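Data block below; observations after.
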DNA sequence: CTTGACCTTGCCACGGTGGCAGGCTTCAGT
DNA sequence: ACTGAAGCCTGCCACCGTGGCAAGGTCAAG
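Residue numbers (this note's numbering), protein chains in the order written: chain G, 1 to 135; chain U, 136 to 270.
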């Protein structure tokens, strides 16, 4: 099948597929006489794998490693687990960071009366903290 | 003072300051006879404001609006509050998304024995879900 | 006068994706 | 058979925000 159908069936876009190929994440697809990329069921399977891994928030680099492990019949599941665990750690760190920001911001919002007067604790906070090191 | 000192005192980098100026977030800094950008305490105050807003996760565009409100003595604090609240919504959405990913991934990791055998529920999941639409 | 720190501008890179242009192929309708 | 539309090709630019590097100018201390 052509790239369009492969895209529709994998849930990716043709653009992404070409991009993944250009970066080496995917081996170059076979070409037909017309120069169009051709995709078979195996390719589709790989594309869907990528799609799913992306949905789980893996970076393209991580996806590449997962793909390699996936194709490796001799892999140790421990490797996959380590990769996934590292990604979980990343996610947890990001979540903690965002949660902290949100809580700080929420506190500020809670203290802002939010009417038509100019006085605003949010702006007061923004202008006061961590500013102006030693003169 | 020159850009380097302004950077050190505001917690930004010289690169960022120039970038913010180039995008119009900051008004062009005054220049000395040598062509160097000059910064005074007012500028420093603005830079620190930006730094702090960035730390709270506001995008540069949002920072621009906050700066405008900050400089506007007639502002209604409700506007600031709305801006901050919208940002909190963004953060909450992001947090929910990441948390969902993490939980899914954690479940998979929990089910992977993680030894030297190739069998791996994580890869099984990646290869099976949402794949291969209608033939 | 040299050295080194600092400043200037300008360009390229990243991760991923979207968009557009300009040209080819293929297919469907007339 | 011809036309138009849809699909494909490549290649470039955009975003956000930052880092890096190059090739120069400038300033202060030795």
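From the three backbone atoms N, C-alpha and C, an ideal C-beta is built for every residue, glycine too.
Being a predicted model, the structure only gives us computed values, none of them experimental.
How would you write the range of the alpha helix (DSSP H) that residue 82 of chain G sits in, first residue to last? In the first chain, the residue the question calls residue 82 of chain G occupies position 82. In the DSSP assignment, residue 82 of chain G falls within the alpha helix (DSSP H) that extends over 77 to 110.
On the three-pair Cβ rule with 8 Å, is the region 192 to 199 of chain U touching the region 106 to 116 of chain G? With a cut-off of 8 Å, the region 106 to 116 of chain G and the region 192 to 199 of chain U do not count as touching, because too few Cβ pairs lie within range.
What residues in the region 97 to 114 of chain G bring their beta carbon closer than 7 Å to a beta carbon of chain U? Within the region 97 to 114 of chain G, the residues whose Cβ lies closer than 7 Å to some Cβ of chain U are 98, 99, 101, 102, 104, 105, 106, 108, 109, 112, 113 and 114, listed in chain order.
For residue 64 of chain G, would you say it is in contact with chain U, using Cβ-to-Cβ distances shorter than 8 Å as the test? Residue numbering aside, residue 64 of chain G sits at position 64 when the first chain is read from its first letter. By this cut-off, residue 64 of chain G is not an interface position.
Relative to the alpha-carbon of residue 123 of chain G, which residue among U/216, U/225 and U/261 has its alpha-carbon at the smallest distance? Looking up residue 123 of chain G in the first chain gives position 123. Ranking the options by Cα distance to residue 123 of chain G, first place goes to U/216.
Distance check for residue 186 of chain U and residue 179 of chain U, CA to CA, integer angstroms please. Taking the second chain and counting its residues from 1, one reaches residue 179 of chain U at position 44. Taking the second chain and counting its residues from 1, one reaches residue 186 of chain U at position 51. Rounded to the nearest angstrom, the two C-alpha atoms are 10 Å apart.
For the putative contact between residue 53 of chain G and residue 39 of chain G, defined by C-beta atoms under 8 Å, what is the C-beta separation to the nearest angstrom? As a working mapping, residue 53 of chain G is identified with position 53 in the first chain. As a working mapping, residue 39 of chain G is identified with position 39 in the first chain. Actually they do not touch by this definition, with Cβ atoms about 18 Å apart.
Residue 10 of chain G and residue 47 of chain G: beta carbons closer than 8 Å? Position 10 of the first chain, counted from the first residue, corresponds to residue 10 of chain G. Position 47 of the first chain, counted from the first residue, corresponds to residue 47 of chain G. Less than 8 Å separates the beta-carbon of residue 10 of chain G from that of residue 47 of chain G.
Can you tell me the Cα-Cα spacing of residue 2 of chain G and residue 220 of chain U, whole angstroms? As a first step, residue 2 of chain G must be located in the first chain, where it is residue number 2. As a first step, residue 220 of chain U must be located in the second chain, where it is residue number 85. Whole-angstrom Cα-Cα distance: 46 Å.
Where do the ends of the alpha helix (DSSP H) carrying residue 150 of chain U lie? One-based indexing of the second chain puts residue 150 of chain U at position 15. Run containing residue 150 of chain U: 149 to 157, per the alpha helix (DSSP H) assignment.
Please report whether the beta-carbon of residue 30 of chain G lies at a distance below 8 Å from any beta-carbon of chain U. Locating residue 30 of chain G in the first chain gives position 30, counting from the first residue. Residue contact with chain U for residue 30 of chain G: absent (no Cβ-Cβ distance below 8 Å to any residue of chain U).
Is residue 175 of chain U helix, strand or coil by DSSP? Here residue 175 of chain U corresponds to residue number 40 of the second chain, with the count starting at 1. For residue 175 of chain U, the three-state secondary structure derived from DSSP is coil.
Selection from U/141, U/155 and U/140 that minimises the alpha carbon distance to residue 202 of chain U: Here residue 202 of chain U corresponds to residue number 67 of the second chain, with the count starting at 1. Cα-wise, what sits closest to residue 202 of chain U is U/155.
By the 10 Å Cβ neighbour count, where 16 or more other Cβ atoms means buried, how is residue 172 of chain U classified, buried or exposed? Within the second chain, the letter at position 37 stands for residue 172 of chain U. Residue 172 of chain U should be labelled buried.
Terminal residues of the continuous alpha helix (DSSP H) containing residue 339 of chain U? In the structure as shown, chain U begins at 136 and stops at 270. Residue 339 of chain U is therefore absent and cannot be evaluated.
Counting only beta-carbon separations shorter than 8 Å, does residue 139 of chain U have a partner in chain G? Here residue 139 of chain U refers to the residue found at position 4 of the second chain. Residue contact with chain G for residue 139 of chain U: absent (no Cβ-Cβ distance below 8 Å to any residue of chain G).
Please confirm if residue 152 of chain U has its CB atom under 8 Å from at least one CB of chain G. Mapped onto the second chain, residue 152 of chain U falls at position 17. So, not an interface residue.
Mapping the DSSP letters down to three states, classify residue 252 of chain U as helix, strand or coil. Along the second chain, one-based indexing puts residue 252 of chain U at 117. DSSP places residue 252 of chain U outside both helix and strand once states are collapsed to three, so it counts as coil.
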